[in-house]
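Shown next, in structure tokens, is the structure this report addresses.
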Amino acid sequence: MAAVRTSSEIGFNRVAIVAVLVVTIIFLAPIYWIASTAFKPRNLATTIPPTVVFQPEISPFVKLFTKRSQLRSPPTPEEYAAAPWWERVVFDGGEKIVRDGKGQVQWSGYPSRFLNSLIIAITSTVLAVGMGTFTAYGFSRFKVKGEADLLFFILSTRMLPPVVVAIPMFLMYRAVGLNDSHIGLIILYTAFNLSFSVWLMKGFMDEIPKEYEEAALVDGYTRMEAFFKIVLPEAATGIAATAVFCFITAWNEYAFALIMTNRRAQTAPPFIPSQVGSGLPDWTVIAAGTFLFLLPVAIFTFLLRNHLLRGMSFGAIRK
Amino acid sequence: MATTMITTLDRSSRAAARGLSDISIRNLFIIPTVLFLIVFNIFPLIYSLGYSFTDFRASTNAPANFVGLQNYRDLLNDPYVWSNFAITAKYVIVSVAGQLLVGFGVAMLLNRDIPLKGLITTLLLLPMMLSMAVVGLFWKLLYDPSWGVINYALGLGNFEWLADPKMALYAVALTDIWMWSPFVMLLSLAGLSAVPKHLYEAAAIDRAGPFYTFFRITLPLVAPILMIAVIFRTMEAFKTFDLAYILTSQPTAELISIRLYKMAFQEWQTGRSCAMAYIVLIMVLAITNIYVKYLNKVKER
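If you're matching them up, the sequences are chains A and B in order. Just so you know, the numbering used here puts 151 at position 151 of the first sequence, and the rest follows in order with no gaps. Just so you know, the numbering used here puts 1218 at position 218 of the second sequence, and the rest follows in order with no gaps.
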């Protein structure tokens, strides 16, 4: 190729590189805006022209975690001096942190929602990937009658719009008292991710040469031993990639969480939008909540970058 | 030849007889998953099929009355519901076409030697990994007519994105295009890098123009993978709920999933919403079937 390059081709290459940079900046701008708003003082979040250069603040994060109320009158100098630094930044914004009768700081709803998200996403991922790995091995190594139909059935359960599945699940959960419970959401997310995990893991299993286990069988291993000692270590990368995908799906899920939970087991995705009520929302606090919530996914995306294609195409395309 | 000797394990051999038989291991590995999916995916659907023939309302204690096909008849004769389907179709077409255009375009730009190509690709993929609901919410601020960054950057003054009935659906689609073009880009890049280099060299030797090269070499070879992206995105766009629900409450942007949600959980027309869910389900299964057939065809090649 290089030998037949003309000057116009090189010129086009330069234009393309500039275009790529512009596109990248446009695509990242909304994410940058979330991240920067999370560190702005409230009065700079909604300005015209938009504020780009500013002194970063930690106050949105303090406000995110605490209950606050408007200050009716400014704090006395003694009050201000006695307050810890994290309370002072809230004073500076014209608000005060709500304390109960014993002077204990009142938490906002955010930390418990974040914790719920963690518990539900991690548990359902472990279950879905665990079951999915076994099942994928079964489909990969043994003849199963109607295998294609079964795999289609497994996949199609994931393709349904969540609301379609949520209506009967809501009624059933209400009958057995699983509404607004961690277990209820964990079961739903496990079922949702299981099909994906079976499909993806089957691809990874198909790539592990059968000869490895066959050799182990000849050496005196049982099929089970061969699976645990030979196949599982070989599949470790695939299992990790599948787990990250399942975690991200469960972490991001909104519709089921909106319908099935309202307080006790509510996860962050339905909670964060519910903070934008009527009136003027404090976008810095929303941005701080969004920023913390997006951070794990952003990190995982980098760890997962070589498997994204495969995961997003249900294992159809391998690189 | 040595491998074939090893792989054809005799069923009656000592190795195969040790521990659990292959058949029981297969059943042990597969049956629990299938059962789990039947209990938590298929059984609820059977349950709601039953309710779809009744006038049940989950908000009252009144017993459900059997009404036969009444719900289905009402829904299919309801112009309101038809308009929801029309809105959904418009949304699917606009957002998938946009994603195809942007995603494939960016892939064409990226398909060359570019410094930091790996990093740029990963950064571009970030939007699609993030939570639709949470990031969608933030787009409300970006679209804000008074202090939204978008209006400022484009010099649009106080242009209404989400509050204008004509514009709302396109604003939702635009955010969807931002989120999911990277998906089309990712698949297109895989397709583009699989095009054999010697074809381009041959075209260059034959002095073929860039258009000829694109339409006769690049496009036909990438088409199967683009098709996967289109079917997959069509399916997902058809299901869209989060983004549209969070961004706007305009009736002109009421997608079928939102109608279904309101019918079931705000108006509490449980029986009717079950019937509606079934209509949607049949449509989704039809698209999924096409998708899986196509996937298997591509995989075989």
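Ideal Cβ placement from N, Cα and C applies to all residues, glycine included. Bear in mind the structure is a predicted one, so any value in this text is a computation, not a measurement.
Spell out whether any CB of chain B is found under 9 Å from the CB atom of residue i.
i: residue 254 (chain A); result: yes
i: residue 20 (chain A); result: yes
i: residue 195 (chain A); result: yes
i: residue 72 (chain A); result: no
i: residue 123 (chain A); result: no
i: residue 237 (chain A); result: no
i: residue 183 (chain A); result: no
i: residue 314 (chain A); result: yes
i: residue 166 (chain A); result: yes
i: residue 225 (chain A); result: yes
i: residue 112 (chain A); result: no
i: residue 13 (chain A); result: yes
i: residue 155 (chain A); result: yes
i: residue 94 (chain A); result: no
i: residue 241 (chain A); result: no
i: residue 84 (chain A); result: no
i: residue 17 (chain A); result: yes
i: residue 137 (chain A); result: yes
i: residue 228 (chain A); result: no
Would you say residue i faces chain A, with C-beta separation under 9 Å as the test?
i: residue 1173 (chain B); result: no
i: residue 1144 (chain B); result: yes
i: residue 1133 (chain B); result: yes
i: residue 1257 (chain B); result: yes
i: residue 1058 (chain B); result: yes
i: residue 1228 (chain B); result: yes
i: residue 1025 (chain B); result: yes
i: residue 1147 (chain B); result: yes
i: residue 1284 (chain B); result: yes
i: residue 1261 (chain B); result: yes
i: residue 1104 (chain B); result: no
Excluding the 5 residues flanking residue i on each side, which residues of the same chain have their C-beta closer than 7 Å to its C-beta?
i: residue 54 (chain A); result: 40 and 44
i: residue 1230 (chain B); result: 1096 and 1100
i: residue 1139 (chain B); result: 1175 and 1247
i: residue 1260 (chain B); result: 1273, 1276, 1277 and 1280
i: residue 178 (chain A); result: 184
i: residue 1213 (chain B); result: 1200 and 1203
I believe residue i touches residue j by the beta-carbon criterion, under 8 Å. Please report the beta-carbon distance rounded to the nearest angstrom.
i: residue 1169 (chain B); j: residue 1253 (chain B); result: 4 Å
i: residue 320 (chain A); j: residue 241 (chain A); result: An answer regarding residue 320 (chain A) cannot be provided, because it is not within the stretch 1 to 319 covered by chain A.
i: residue 256 (chain A); j: residue 121 (chain A); result: Not really, about 12 Å apart at Cβ, beyond 8 Å.
i: residue 266 (chain A); j: residue 116 (chain A); result: 6 Å
i: residue 1243 (chain B); j: residue 1103 (chain B); result: Incorrect: roughly 17 Å between the Cβ atoms, too far for contact.
i: residue 243 (chain A); j: residue 201 (chain A); result: About 10 Å separates the two Cβ atoms, so there is no contact after all.
i: residue 1143 (chain B); j: residue 1130 (chain B); result: About 17 Å separates the two Cβ atoms, so there is no contact after all.
i: residue 1132 (chain B); j: residue 221 (chain A); result: At roughly 46 Å, the Cβ-Cβ gap does not stay under 8 Å, so residue 1132 (chain B) and residue 221 (chain A) are not in contact.
i: residue 317 (chain A); j: residue 308 (chain A); result: About 11 Å separates the two Cβ atoms, so there is no contact after all.
Near residue i, which residues of its chain fall below 6 Å by C-beta distance, leaving aside the five closest residues on each side in sequence?
i: residue 273 (chain A); result: none
i: residue 124 (chain A); result: 186, 189, 190 and 250
i: residue 285 (chain A); result: 60, 63 and 64
i: residue 38 (chain A); result: 60, 287, 288 and 291
Classify residue i: buried if its beta carbon has 16 or more other beta carbons within 10 angstroms, exposed otherwise.
i: residue 1206 (chain B); result: exposed
i: residue 213 (chain A); result: buried
i: residue 1088 (chain B); result: buried
i: residue 1098 (chain B); result: buried
i: residue 289 (chain A); result: buried
i: residue 22 (chain A); result: exposed
i: residue 63 (chain A); result: buried
i: residue 1061 (chain B); result: exposed
i: residue 987 (chain B); result: Any answer about residue 987 (chain B) is impossible in this case: the structure gives chain B only from 1001 up to 1301.
i: residue 107 (chain A); result: exposed
i: residue 114 (chain A); result: buried
i: residue 1296 (chain B); result: exposed
i: residue 1113 (chain B); result: exposed
i: residue 8 (chain A); result: exposed
i: residue 280 (chain A); result: exposed
Leaving aside the five residues before and after residue i along the sequence, list all residues of the same chain whose C-beta is less than 8 Å from its C-beta, in chain order.
i: residue 71 (chain A); result: 91, 94, 95 and 96
i: residue 167 (chain A); result: none
Contact between the stretch 1271 to 1286 of chain B and the stretch 1224 to 1243 of chain B: three or more CB pairs below 8 Å? yes
Within 8 Å, do at least three Cβ pairs link the stretch 257 to 264 of chain A to the stretch 142 to 151 of chain A? no
Is the number of C-beta pairs between the stretch 123 to 140 of chain A and the stretch 81 to 100 of chain A that are closer than 8 Å three or more? no
Is there contact here, the stretch 1070 to 1086 of chain B with the stretch 1268 to 1282 of chain B, by at least three beta-carbon pairs under 8 Å? yes
Cβ pair count under 8 Å reaching 3, the stretch 1182 to 1202 of chain B against the stretch 1104 to 1113 of chain B: yes
Is it a yes or a no for the stretch 166 to 184 of chain A touching the stretch 1035 to 1052 of chain B, going by three-plus beta-carbon pairs under 8 Å? yes
Examine the Cβ distances between the stretch 1108 to 1127 of chain B and the stretch 293 to 308 of chain A and report whether three or more of them are shorter than 8 Å. yes
Hey, is the stretch 1193 to 1211 of chain B in contact with the stretch 1075 to 1084 of chain B, meaning 3+ C-beta pairs nearer than 8 Å? no
Is it a yes or a no for the stretch 189 to 208 of chain A touching the stretch 218 to 236 of chain A, going by three-plus beta-carbon pairs under 8 Å? yes
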